[in-house]
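Structure first, commentary second.
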Amino acid sequence: MNLSDLMIMRHELLLTLLAVSILIMDLGAGPKHRYLVLPVSLILFFVNLIIGFLPVREGTLFGGMYHTSGLIILMKNILNIGFFIVMLQSFTWLKKEENKLKMSEFYVLLLATLIGMNFMISSGDFLMFYLGLELATIPMAALAAYVHHQTRSAEAGIKLILISALSSGILLFGLSMIYGTTGSIFFNEVKAAYSSEPLQVLGFIFFFAGMGFKISLVPFHLWTADVYEGAPVGVTSYLSVISKGAAVFIFILVLYTVFTSIDFLWKDLTYIIAVLTMTIGNLFALRQKNLKRLLAFSSIAQAGFILLGIIAGSKLGMASVIYFILVYIFSNLGAFGVVAAIHDHTGKESMDDYNGLYHTNPRLSLLMMLSLFSLAGIPPVAGFFGKFFLFTSAASGGYYWLVFIAVLNATISLYYYLLVVKAMFINKNDHPIEPFSSDITTRLGLLICTAGIVALGFYNTVYELINKLSIGIN
Amino acid sequence: MHFLNLFVVVPALTIVAILFTRDLKGARWASAVGMSIQLVLAGALVFMYLSARNAGVADEMLFTADSTWFPSLNIRYAIGVDGISVAMIALTAVVIFAGVFASWEMEFLSREFFISLILLCSGVFGFFISLDLFTMFLFYELAVIPMYLLIGIWGSGPKEYSAMKLTLMLMGGSALLTVGILGLYFHSAAAGGQHTFHILEIAKTDIPVTAQRFFFPFTFIGFGILGALFPLHTWSPDGHSSAPTAVSMLHAGVLMKLGGYGCFRVAMFLMPEAANEMAWIFIILTTISVVYGAFGAIWQKDLKYINAYSSVSHCGLVLFALLMMNQTAMNGAIIQMISHGLMTALFFALIGMIYSRTHTRIIDQMGGLMKVIPFLSAVYVIAGLASLGLPGLSGFVAEATIFVGAFQHADTFHRVVTIVATTSIVITAVYILRVIGILLLGPIKNEHFEHLGDAHWYERISTIILVLGIAGIGLAPLWLSDMINFSLAPIIGKLSGLVNDVPLVLN
C-alpha cells in the first residue's frame with residue numbers, strides 16, 4: 000500500500016482536513032476575526048463538494064475493511080450536497096450573539112458525523128461499519144444539546160445519546176452473534192457463510208432492530224419527535240435528512256450484498272415494518288400543531304415509503320431509494336429551511352403562527368408549498384417522481400397491496416401537508432408574521448432546494464445515472 | 000415544435016405572461032389572449048383532424064409524437080389524438096375560454112387566481128393528448144391539485160371543508176389508479192418484450208384475465224371517483240357549490256370528463272375481459288347515480304347544489320352508457336360528455352352571474368328575474384331545456400343515443416336498468432322546470448332586485464359561446480358522432496365478441 004492507494008479515501012481525508020483546519024482557524028483567529036471562520040469554512044466545504052465529483056479510483060484498503068465504488072462515491076456526494084445546504088441554512092442562526100463562543104464547534108461536530116457516515120457507507124466489514132456508525136451518532140448528541148440554556152435542547156441531547164447507546168448495544172449484540180456463527184466480520188465472508196440457522200436469524204433481527212432505531216422505523220421511533228422538537232432547527236433538519244439518508248444507504252447496501260441468502264426473511268420483516276411505519280407516522284403527524292414535530296412525524300412516514308424500494312431487492316429498487324433520498328434531501332431541507340428562516344426572525348414555529356403568511360412573505364410561502372407538495376408526491380415537482388419510482392419498484396416485486404397501502408398513506412399525508420398550505424394561503428390572521436428578508440446564505444440554501452425540487456423530476460439524467468450505478472441482489 | 004405540444008405550451012406561456020402583469024386588468028387580458036389562442040388552436044385541430052380523416056388516414060391515433068423520458072423504465076412522453084380526444088380538447092378550450100370571461104371581475108388575488116385556473120386547464124389538456132399512462136397520470140394529478148387552492152381561497156360557504164374533501168377523495172382515487180397503472184405496466188410484457196406505459200402497445204398485448212380481474216376495479220373506480228361514481232360522488236356537490244364560478248364550470252364541465260374518458264380509454268380498453276365480467280356491478284351503481292342525482296336535485300334550494308346534483312346524474316349517465324359497450328351507447332356517452340360539459344358550464348356561469356347581482360343563490364328568495372335581467376334569464380332557459388333533453392339542443396342528441404344504445408341489449412337485466420335510468424329524464428324535467436318557474440317567472444319578490452343590470456359584454460361572450468356549442472351539437476350532431484364513431488371502432492373491437500356475458504345470477 001502506498002500513498003496513492005490512500006487517495007481513494009479522498010472524501011474522508013478531505014473532510015478530516017477540513018474539520019481540523021476549522022478548529023485551528025478558530026483557535027488562531029483573534030476575537031476580531033472570528034466572524035470570518037464561518038464563511039471560510041463554507042467556501043472550503045463548497046470546494047470539497049466540487050472535488051467530490053471528480054473521478055476517483057475504485058478499490059479496497061486495509062485488507063478489505065474499506066472499499067469504494069462508483070455507487071458509494073455517488074452516495075457520498077449526495078450526502079455532501081445535503082450537508083452543504085444544512086451549512087447554509089444554519090449560518091444565520093450561528094451568527095447570533097448567544098452562539099458567539101461556540102459557533103465553529105457546530106461545523107466541526109457536524110463534519111465529524113459526516114466523516115463517520117462516509118466511513119460507514121464505505122465499510123467492508125462490520126467493524127468499520129460500527130466505528131463509522133458511532134462516529135456519526137455521538138457528536139449528534141452534543142449537537143442536539145447545543146442550545147445549552149434551553150431545557151428542551153438538553154433533554155433532546157440526553158434522549159438521543161441514551162437511545163443511541165441502546166440501539167448500538169442491540170446492534171452490537173446482533174453483530175456478535177453474526178460473528179459467532181460465521182467466524183468472520185468481513186461482508187463477503189459473512190455472506191458466503193450465512194444461512195437461516197436460528198442464531199443467525201436472531202443475529203440478523205438484532206441488526207435490523209438496531210438499524211431501525213437509526214432510521215427511526217416504527218416501533219423504534221419513539222425518540223424521534225422529542226429529539227426533533229428540542230434540537231435546534233439546523234440539527235433537526237440534519238438528523239431527519241442526512242443522518243437518515245446515510246443510515247438508509249448502508250442499510251440497503253448491507254441487505255443487498257450481505258444478507259442475500261435470507262432475503263425472504265428481511266422482505267417479510269420490511270413489509271410489516273413499512274406498513275406500520277407509514278401508518279403510525281402519518282397518524283401521529285395528523286394532530287401536530289408544532290411544525291418541527293409535524294415534519295418529524297412526516298419524516299417517519301417517509302422512512303416507511305423508502306422501505307418500499309428496499310423490499311424489491313432489485314436494481315430498480317436501489318435506484319429508486321437513492322433517487323428518492325436525493326429528492327427528499329431537497330424537499331425536506333426546503334421545508335426545514337423555511338421553518339428555520341422564520342424561526343430565526345421571529346422565534347415562532349407553530350402552525351397557527353403561519354396563518355396568512357402568503358400575504359406578507361409570498362416567496363417563503365410558495366417555497367414551503369412546493370416542498371410540502373414534493374414531500375406529499377404531487378406533480379410536477381420531484382417528489383412525485385421519487386414516490387412513483389418507489390411504488391414501481393415495489394410493484395415489480397408483486398407487492399401490489401403494499402403499494403396500495405402506501406398510496407393511501409400518501410393521501411393521508413397530503414391532509415396534514417395541506418393544513419400547512421391552508422394556514423399560509425387561506426386562513427386569516429390579524430397579526431401575521433411581518434415581512435422580512437433573509438440573509439444571502441439562507442436565500443442561497445433555499446434557492447438550491449427550489450432548483451432541486453423543480454428540476455430533478457424533469458431532468459432525467461440524474462435518475463438514469465443513479466440507475467446505471469445501482470446494484471440488485473447478486 | 001409538434002402541434003399537439005402547443006396545447007400544453009400555450010397555457011404555460013400564459014402563466015408566465017400573467018407573472019409579469021401587475022393587477023387584475025393585466026392578468027385577465029393575458030389569460031383572455033392565451034385562452035383565445037388556445038380556442039383557435041382547438042378549432043384548427045378539429046379541422047386538421049377531419050381533413051386528415053377525409054383524406055383517408057386510417058391510423059388509430061393521429062399527430063403522434065414519441066420521445067423517451069426515463070429510458071430505464073421505458074417511460075415516454077407519447078402524445079397523439081383520436082376523434083374522442085379531439086372532441087374533449089375542443090370542449091376544454093371552449094369551457095376555459097368562457098371561464099376566463101366569467102371571472103372577469105375577480106378582484107381578490109387575481110393573478111394567483113388566473114395562474115391556478117390555467118395550471119388546472121393545462122393539466123386537463125395534457126391528459127387528453129397523452130398516450131403514455133405515466134404522463135397521463137402526471138397530468139391528471141396536476142389537474143386535481145390546484146383545485147384545493149382555487150376552492151379554498153376563492154370559494155364561498157364551507158370552502159375549507161369542501162376543498163379538503165374534494166382533494167382527498169380525488170387523491171384517494173389516484174391512489175387506486177397508481178396500483179392499476181403499475182399493474183398494467185408489469186403485465187404489459189406478456190409477449191416477452193419490454194414493459195411499457197404506452198396505451199396502444201399495452202392494448203396489443205393480452206393481459207392475463209386473472210390480472211385483469213385484480214386491476215380492473217382499481218382502475219375503473221379510480222377514474223370513476225372523478226366521474227362521480229356512486230357512492231363515491233359525495234365530493235362533487237360540496238366541491239361544486241363552494242367553488243368560485245369559473246372553477247365550478249371547469250370542474251363540472253371538463254374535469255369530471257377526465258373520469259369518464261379514463262374509464263374507457265384505460266380501464267375498459269386495456270382490460271376488456273374484466274370489464275365485461277364486472278360491468279354489471281358498475282351498471283347498477285351508475286343507475287343509482289343517475290336516478291339518485293336527479294332526485295337529489297329536486298330537494299335542493301341552492302342553485303349550485305341543484306346543478307351539482309344534476310351533474311352527478313348526468314355524469315352517471317356517461318358511465319352508464321360506456322358500460323353498455325356497444326357502438327350506439329358509447330357514442331352517446333361521448334356526446335353526453337361534450338353536451339353536459341357545455342351545459343353545466345353554462346349553468347354555473349349563469350348562477351355565478353345571477354349571484355353577483357342578487358347576492359343569494361336560494362331560489363325561494365328570488366323571483367321574476369326574467370323581467371329585470373332578460374338576457375341571462377333567456378340563456379338560463381336555454382340551458383335548462385338542453386338539460387332536460389329538448390330536441391334541437393345537445394342534451395337530446397346525447398340522451399336519445401344513449402337510451403337507444405342501451406335498449407339494444409335484449410336481456411332482462413339491461414332492459415330493467417335502462418328503464419330505471421330513463422326515469423331520470425322525467426325527474427330532470429321536474430327540477431329544471433321548477434327552478435325556471437320560481438326563479439325566472441312570477442312576481443319580483445325583493446324590491447332591491449328591480450334595478451339589477453343585465454349581462455355585461457364579457458358575460459355575454461362567456462355565455463354565447465357556450466350556447467353556440469349546445470345549439471351546434473343539437474342541430475348538426477352528425478359531424479361529431481362521425482368523428483367519434485371512427486375512433487370508437489378499435490375500442491368496440493376489443494370489447495365486442497365478449498359482450499352480453501351477463502352473469503347467470505341476473506338473467
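So the sequence lines, in the order shown, correspond to chains U and Y. The numbering of the first sequence is numbering that gives the first Met the number 0, which starts it at 0 and goes up by one. The numbering of the second sequence is numbering that gives the first Met the number 0, which starts it at 0 and goes up by one. Beta carbons: idealized from backbone N, C-alpha and C, even for Gly.
Could you tell me the alpha carbon to alpha carbon distance between Y/His239 and U/Ile249, rounded to whole angstroms? 49 Å
Can Y/Ser393 and Y/Ile305 be called in contact, C-beta distance under 8 Å? Result no, Cβ atoms of Y/Ser393 and Y/Ile305 do not sit closer than 8 Å.
Y/Thr209: contacting residues in chain U (beta-carbon distance under 8 Å): Ordered by position in chain U, no residue passes the 8 Å Cβ test against Y/Thr209, which lies about 13 Å from the chain.
My output table needs one value for Y/Thr20: the three-state DSSP class, helix, strand or coil. Coil at Y/Thr20, not helix or strand.
Would you verify that the beta carbon of U/Asn98 is, or is not, closer than 8 Å to some beta carbon of chain Y? Not closer than 8 Å to any Cβ of chain Y, the Cβ of U/Asn98 fails to qualify, so no.
Tell me the DSSP secondary structure of U/Gly527 in three-state form. Any question about residue 527 of chain U goes unanswered here, given that chain U covers just 0 to 473.
When the cut-off is 8 Å and only beta carbons count, does Y/Leu257 lie next to chain U? no
Report the rounded CA-to-CA distance for U/Ile465 versus U/Leu70, giving the unit in angstroms. 8 Å
Identify the continuous alpha helix (DSSP H) that holds Y/Leu61 and give its terminal residues. Per DSSP, Y/Leu61 lies in no alpha helix (DSSP H) segment; the continuous beta strand (DSSP E) that holds it begins and ends at 61 to 69.
In the DSSP assignment, the alpha helix (DSSP H) including Y/Ile350 goes from what residue to what residue? 326 to 357
Cβ shell of U/Gly229 (< 6 Å), same chain only, five flanking positions each side left out: Hits under 6 Å: Arg151, Ser152, Glu154, Ala155.
What residues match up with U/Asp124 in a beta bridge as DSSP calls it? Answer is U/Phe185.
For Y/Leu503, collect the residues of the same chain with a Cβ closer than 8 Å to its Cβ; drop the 5 residues on either side in sequence, then sort them by chain order. A caution first: Y/Leu503 carries a pLDDT of 37, below 50, which makes its placement in the model unreliable, though a value can still be read off. Once the five neighbours on either side are set aside, Y/Leu503 has no close Cβ partner at all.
Specify the secondary structure class of Y/Arg414 as computed by DSSP and reduced to three states. helix
Once the 5 residues before and after Y/Met336 are set aside, which same chain residues still bring their CB inside 6 Å of it? Excluding residues within five positions, the ones whose Cβ falls inside 6 Å are Lys256, Gly259, Val317.
Who does Y/Tyr76 pair with in a DSSP beta bridge? DSSP lists Y/Ser66 as partners of Y/Tyr76.
Going by DSSP, what residue range makes up the beta strand (DSSP E) through U/Tyr65? Run containing U/Tyr65: 65 to 67, per the beta strand (DSSP E) assignment.
Closest Cβ-Cβ distance between Y/Asn499 and chain U: below 8 Å? Caution is warranted here: a pLDDT of 45 is assigned to Y/Asn499, below 50, making its placement in the model unreliable, and the coordinate value is therefore given only provisionally. So no, Y/Asn499 is outside the interface.
Just grab the DSSP bridge partners of Y/Asp301 for me. Y/Ile361
What three-state label does DSSP hand U/Leu254 in the structure shown? The three-state reading of DSSP puts U/Leu254 in helix, counting H, G and I together.
Do we get a CB-CB distance below 8 Å when we pair U/Tyr500 with the residues of chain Y? As shown, chain U starts at 0 and ends at 473. That puts residue 500 of chain U outside it, with no answer to give.
Within 8 Å (strictly less), CB to CB, does Y/Gly171 reach chain U? yes
Using three-state DSSP, classify Y/Asp131 as helix, strand or coil. strand
Say whether chain U places a C-beta atom closer than 8 Å to the C-beta of Y/Phe6. no
Relative to the C-alpha of Y/Val9, which residue among Y/Arg459, Y/Ala29, Y/Asp22 is closest? Y/Ala29
Taking only beta carbons into account, state which residues of the segment 60 to 71 of chain Y come closer than 8 Å to chain U, listed in chain order. Trp68, Phe69, Pro70, Ser71
Throw me the rounded Cβ distance for the U/Gly333 and U/Leu366 pair, which I believe falls under 8 Å. 6 Å
Using the three-state DSSP reduction, which class does U/Gly456 fall into: helix, strand or coil? helix
Report the rounded CA-to-CA distance for Y/Asn325 versus Y/Pro489, giving the unit in angstroms. 12 Å
Could you check whether the Cβ of Y/Ala242 sits closer than 8 Å to any Cβ belonging to chain U? no
Which full runs of the alpha helix (DSSP H) of 4+ residues lie inside the segment 295 to 374 of chain U, going along the chain? Complete alpha helix (DSSP H) runs here, min 4: 314 to 345, 356 to 359.
Between the CA atoms of U/Lys213 and U/Phe440 - distance to the nearest angstrom: Looking at the sequence provided, one finds Thr at residue 440 of chain U rather than Phe. If you take the alpha carbons of U/Thr440 and U/Lys213, they lie about 30 Å apart.
From the DSSP output, in three-state form, read off Y/Thr195 for me. coil
Give me, in chain order, the residues of the same chain whose beta-carbon lies closer than 8 Å to that of U/Tyr416; leave out the 5 immediate sequence neighbours on both sides. Ser297, Leu371, Phe372, Leu374, Ala375
So, under 8 Å CB-CB, Y/Thr134 and Y/Tyr184 are touching, yes? Tell me the CB distance rounded to an integer number of Å. With a Cβ gap of about 13 Å, Y/Thr134 and Y/Tyr184 do not count as contacting.
Start and end residues, alpha helix (DSSP H) containing U/Leu268: Its alpha helix (DSSP H) spans residues 262 to 285.
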